[in-house]
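Take a look at the structure set out below.
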Amino acid sequence: MARTIGSNGARTAQAIRQAGVQLIYRHGYEAMSLRQLAAEVGLQSGSLYKYFDNKQSLLFDIVRDHMEDLLGKAEADLAGVEDPLARLKVFCAFHLRYHMTRLAHVFIANMEIRSLDEAHRAVVVGLRRRYEGLLEGILRQGAELGVFEVREPKVATYAIISMLTGICMWYLPGGRLSQDEIVDSYTALVIGGVTGGTPLAESLSAPLAPVAAPADLPARGKPVRKAARA
């Protein structure tokens, strides 16, 4: 766990987190050493223990903070929006913009959850399920009102979040398409899929057998981190 420290210590702890994010993103959690991390922030290796108990607690702090920030900001954006179609558009836009501006944090939260110990992983999985629940609730509301053609809201939730998060695999700032254009394109695919406007609707509305939640499955392998410009 991160330790309770004063204002100067808080700045140092934040610098350690930021350096940790970049090192884990570039090299992976297992390959990153505390010696590398200390050198990155200009500290002796032993000094890191004033701020974090160990490398595991640093990773947990990074991933938990990311998930809490993601969840809190999504809830704030959705607050006061009642119509399910409008809520779905807000969710898509938020998810895409958030992930396009936090590529390193998203990669770590998705790929290094396997490196968390059981207790830490349970906390992160709980936060992830709460976030997924926001989208599932929107889809269920829309289906109940006859706005969406979605027979399996949970499966559709996993499919939509997977598609939206995939932006991290290819997006780079400064490409041919602006963030607004990308958001519009992805949102149109999602809306068309759940309202019956595109072939995607068939896969989202077809009844499927129960499946395990993605958060319950161990990550396997590492994706290619290079991205192509839009």
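Here the sequence shown stands for residues 826 to 1055, where the numbers follow the numbering used here.
Positions of the beta carbon are idealized from the N, C-alpha and C atoms, including for glycine.
Cα atoms of S872 and H930: separation of roughly 24 angstroms, rounded to the nearest angstrom.
Residue range 928–936 is occupied by the alpha helix (DSSP H) that includes V931.
Counting along the chain, C917 sits inside the alpha helix (DSSP H) bounded by residues 909–925. Just so you know, the alpha carbons of K898 and A863 end up roughly 31 angstroms apart.
Using a Cβ distance threshold of 7 angstroms, L884 and Y850 do not count as a contacting pair. Annotation for L941: Q881, L884, F885, V888, V949 place their beta carbon closer than 8 angstroms to its own, counting only its chain and skipping 5 residues before and after. DSSP places F877 within a strand segment (E or B) once states are collapsed to three.
With respect to H891, C993 sits apart: the two C-beta atoms are not nearer than 7 angstroms. For R954, the enclosing alpha helix (DSSP H) has its first and last residue at 943–969. In this structure, the beta-carbon distance from Y876 to I933 does not fall below 7 angstroms. Cβ-Cβ separation between E961 and T1020: approximately 17 angstroms, too far for a contact (criterion under 8 angstroms). A direct Cα-Cα distance of roughly 13 angstroms separates R836 from L868. Two segments are said to touch when three or more pairs of C-beta atoms, one from each, lie closer than 8 angstroms; by this definition the region 951–958 does not touch the region 1003–1012. Of all alpha-carbon atoms in S870, M857, G991, the one lying nearest the alpha-carbon of C917 is that of G991. Judged by DSSP secondary structure, Q861 falls within the alpha helix (DSSP H) whose first and last residues are 859–866. Around the beta carbon of G845, 16 or more other beta carbons lie within 10 angstroms, which makes this residue buried. Secondary structure of V975 (DSSP, three-state): coil. The beta carbon of L903 sits closer than 7 angstroms to the beta carbons of R912, V915, F916, L959 from its chain, once the five residues preceding and following it are set aside; these are given in chain order.
The beta carbon of E893 lies closer than 8 angstroms to those of L952 in the same chain, with the five residues before and after it left out. Q847 carries a helical assignment under DSSP once its states are collapsed to helix, strand and coil.
Here T1012 has K914, C917, A918 as same chain residues with Cβ atoms under 7 angstroms from its own Cβ, once five neighbours each way along the sequence are excluded. Taking C-beta atoms as the reference points, H920 and L997 fail to come closer than 7 angstroms.
In the DSSP annotation of this structure, the continuous segment of the alpha helix (DSSP H) that includes V1008 starts and ends at 1004–1020. Take the alpha-carbon of E977 and the one of G967: they are about 12 angstroms apart.
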